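A quick write-up on the structure given underneath.
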Amino acid sequence: LNEVTSYNIQNSINMAHEYLNLKIQGNYEIKNNCLYKGDVKLNDNFSIIDDLGKKLNSIVAIIQNDTRITTNAVFENKRAVGTKVDEKVVETVLIQGKTYVGIAKVLGKYMYTAYMPIRNSSNDIIGMFCIAVDSKDFIDKTTLNFIIDISIIVLIATIIIIIFFSIFFKISVTKPVDYIVESLENLSKGNLLTEIKLNSKDELQIIADSVNDTRKNFSSLISDLKNKAENLGVDSHRLHENASETTQIS
């Protein structure tokens, strides 16, 4: 879950910074002790930050060196401009040049945060871009989303399994049953020549063998009856001839 949470906050800050790049073109530079992006001064520029904060439902801040110069965060009933960031964040981002993702202290409250370095055209780190959310709320939301994702995966897998077994059942059970029923109908119509050819090695095979045995028995019985009828006809003809000869002698 921690990996999922880290991925979500990392993904959020990447999207937020891309959105900022689309809204404000140009490189970051420090001019007259203020941070600019292109020709836009970022110090006390709250419109883009407020817009991002609403979209992400997060605290968003742009930081010059280690000091917030614009943010939607409120501290003691005013914008938290001029406040410093957590020292461990400064170590990771400003000194090591890495993105920090994890729990950090924001205005006296521990929050789940992501800080990425801001670089000028010379690739020097001159500040940070940050988003932060309440750690408990964010983890609860991430957990809920994780559960929903897993539930969707399980549901899709279940549907696939049901479809597979439905097709398997139709092929392995329904079709052989239809085949046996058709053979029984042919048998009831007097067709004793068609043999049921099934190789299922289960209860259906037992039924098929029983039908085949019945067909053979009926065929054998009818053949015997035909033979007896033919023999009876021959005997009757002989008796008729004998009777005729006896009448003529008399």
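Just so we're aligned: 1171 in my numbering is position 111 of the sequence shown, and the numbers increase by one with no gaps anywhere. Every residue gets a Cβ at the ideal spot worked out from N, C-alpha and C, and that includes glycine. Quick caveat: nothing in here was measured; it's all calculated off a predicted structure.
Own chain partners of residue i with C-beta closer than 6 angstroms, once the 5 adjacent residues on each side are dropped
| i | result |
| --- | --- |
| residue 1097 | 1084, 1086 and 1088 |
| residue 1179 | 1185 |
| residue 1192 | 1119, 1166, 1171 and 1173 |
| residue 1112 | 1076 and 1120 |
| residue 1061 | Unreliable placement is indicated for residue 1061, whose pLDDT of 41 sits below 50; no coordinate value is reported for it. |
| residue 1181 | 1087 |
| residue 1124 | 1095 and 1187 |
| residue 1126 | 1144, 1145 and 1150 |
| residue 1066 | 1161 |
Contact set for residue i: own chain, Cβ-Cβ below 8 angstroms, skip 5 residues either direction
| i | result |
| --- | --- |
| residue 1070 | 1159, 1161 and 1174 |
| residue 1134 | 1140 |
| residue 1072 | 1116, 1118, 1174 and 1191 |
| residue 1099 | 1086 |
| residue 1154 | 1125, 1126, 1177, 1185 and 1188 |
Residue of the options minimising C-alpha distance to residue i
| i | options | result |
| --- | --- | --- |
| residue 1105 | 1140, 1166 and 1223 | 1140 |
| residue 1163 | 1240, 1156 and 1152 | 1152 |
| residue 1156 | 1188, 1138 and 1136 | 1188 |
| residue 1190 | 1067, 1074 and 1066 | 1074 |
| residue 1245 | 1099, 1176, 1271 and 1068 | 1271 |
| residue 1081 | 1276, 1183, 1273 and 1109 | 1109 |
| residue 1130 | 1257, 1114 and 1107 | 1107 |
Spatial distance of residue i from residue j (CA atoms)
| i | j | result |
| --- | --- | --- |
| residue 1132 | residue 1148 | 22 angstroms |
| residue 1241 | residue 1220 | 30 angstroms |
| residue 1128 | residue 1215 | 46 angstroms |
| residue 1169 | residue 1144 | 13 angstroms |
| residue 1255 | residue 1226 | 28 angstroms |
| residue 1078 | residue 1224 | 43 angstroms |
| residue 1194 | residue 1090 | 31 angstroms |
| residue 1238 | residue 1210 | 40 angstroms |
| residue 1208 | residue 1183 | 41 angstroms |
| residue 1137 | residue 1218 | 52 angstroms |
| residue 1277 | residue 1269 | 12 angstroms |
| residue 1273 | residue 1284 | 16 angstroms |
| residue 1103 | residue 1114 | 19 angstroms |
Cβ-based neighbour list, residue i, same chain, cut-off 7 angstroms, excluding 5 preceding and 5 following
| i | result |
| --- | --- |
| residue 1212 | none |
| residue 1267 | 1240 |
| residue 1101 | 1094 |
Proximity test, residue i beta-carbon vs the ligand GTP heavy atom, cut-off 7 angstroms
| i | result |
| --- | --- |
| residue 1181 | The model depicted lacks the ligand GTP and carries no ligand whatsoever. |
Residue i in three-state terms, based on DSSP
| i | result |
| --- | --- |
| residue 1142 | coil |
| residue 1151 | helix |
| residue 1067 | helix |
| residue 1191 | strand |
| residue 1061 | Summary for residue 1061: the model assigns pLDDT 41, below 50, so the residue's position carries little reliability; its value from the coordinates is reported in the next sentence. In the structure shown, residue 1061 sits in coil (DSSP, three-state: anything other than H, G, I, E or B). |
| residue 1084 | coil |
| residue 1133 | coil |
| residue 1114 | helix |
| residue 1274 | helix |
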